[in-house]
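Q: Please read through the structure below; I'll follow up with questions.
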Amino acid sequence: MKEDTYFFDYLSTQFGRFFLIFSDTDVKGTTFRAPENAEYKKCSLTLFSELDEYFCGKRREFTTGLITLSDITPFRRSVYDELSRVPFGEVVTYGGLAQRVGKHGGARAVGQAMRLNPFPVLIPCHRVISSNGSLGGYSEGIGIKSKLLEFEKKNAYINFAKSHKNFTSLL
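Using our numbering, the first residue of the sequence shown is number -16, and each one after it goes up by one.
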């Protein structure tokens, strides 16, 4: 059986290099860490330019049709689906997300799903925090999680202020 060949391309962001890992048929993952067992190939996927727009503060949602969740458990899929509804610039707790998917008391299970998320940023696991308000964990590193949350908070406010010109005059 022929093994899939994986490729990567990356964006230089204010958080460091962000890698998109893909095959000839779909996106396999995203990460801030250099991928192993993949060769560099210029990416022409729309998703790549959407990621660039996100890191420039111009995009809040992604076209995720090319990401594959078929190898992921139904529970994790439901968590990722619900997490995708958490708006740019906002957060949810691990326990709150567990309740939203009908798993009361499932904060640890949600934390495990976040740890196993193959698509950080696209599936915004950085928006999930502890019930005490602390950041919790992040597979890409707590420093990056903190910076992503601050970036989204700042850009959510700037975009809101631009779209509501009278809002800034109230400040």
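For glycine and all other residues, C-beta sits at the position ideal for the given N, C-alpha and C.
1) Taking the C-alpha atoms as reference points, what is the distance between residue 95 and residue 127?
2) Using only the alpha-carbon positions, how far apart do residue -2 and residue 76 sit?
3) Given a threshold of 16 other Cβ atoms within 10 Å of its Cβ, counted over all protein chains shown, does residue 12 qualify as buried or as exposed?
4) Give me the Cα-Cα distance between residue 90 and residue 97, rounded to the nearest whole angstrom.
5) In the segment 40 to 119, which residue ranges form an unbroken alpha helix (DSSP H) of at least 4 residues, counting only runs that do not cross its ends?
6) With distance defined between alpha-carbon atoms, name the residue in 113, 103, 136 nearest to residue 124.
7) If I measure Cβ to Cβ from residue 4 and keep anything under 8 Å in the same chain, skipping five residues before and after, which residues do I get?
8) Compare the Cα-Cα distances from residue 8 to each of -7, 27, 137 and report the closest residue.
9) With residue 139 and residue 71 assumed to form a contact (beta carbons below 8 Å), what rounded beta-carbon distance in angstroms separates them?
10) Distance, Cα to Cα, residue 120 vs residue 108?
11) I believe residue 92 touches residue 58 by the beta-carbon criterion, under 8 Å. Please report the beta-carbon distance rounded to the nearest angstrom.
A: Taking the definition as stated:
1) In the sequence shown, residue 95 corresponds to position 112, counting from 1. In the sequence shown, residue 127 corresponds to position 144, counting from 1. If I take the Cα positions, the gap works out to 18 Å.
2) Looking up residue -2 in the sequence shown gives position 15. Looking up residue 76 in the sequence shown gives position 93. Looking at the two C-alpha atoms, the distance is approximately 23 Å.
3) The residue given as residue 12 occupies position 29 in the sequence shown. Buried, by the Cβ-count rule.
4) Locating residue 90 in the sequence shown gives position 107, counting from the first residue. Locating residue 97 in the sequence shown gives position 114, counting from the first residue. Answer to the nearest angstrom: the Cα atoms are 10 Å apart.
5) The alpha helix (DSSP H) runs of length 4 or more contained entirely in the segment 40 to 119 are, from start to end of the chain, 57 to 66, 77 to 83, 90 to 98.
6) Sequence index remark: in the sequence shown, residue 124 carries index 141 (1-based). Here the closest residue by C-alpha is 103.
7) To locate residue 4, count along the sequence shown from 1; it is residue 21. Correct list, in chain order: -11, -10, -9, 10, 11, 12, 13, 14, 18, 21.
8) The residue given as residue 8 occupies position 25 in the sequence shown. The shortest C-alpha separation from residue 8 is found at 27.
9) Taking the sequence shown and counting its residues from 1, the one referred to as residue 139 is at position 156. Taking the sequence shown and counting its residues from 1, the one referred to as residue 71 is at position 88. The pair is a contact, with the Cβ atoms about 6 Å apart (cut-off 8 Å).
10) Here the question's residue 120 lines up with position 137 in the sequence shown. Here the question's residue 108 lines up with position 125 in the sequence shown. About 10 Å.
11) Here the question's residue 92 lines up with position 109 in the sequence shown. Here the question's residue 58 lines up with position 75 in the sequence shown. Between residue 58 and residue 92 the Cβ distance is about 7 Å, and since that is below 8 Å, they are a contact.
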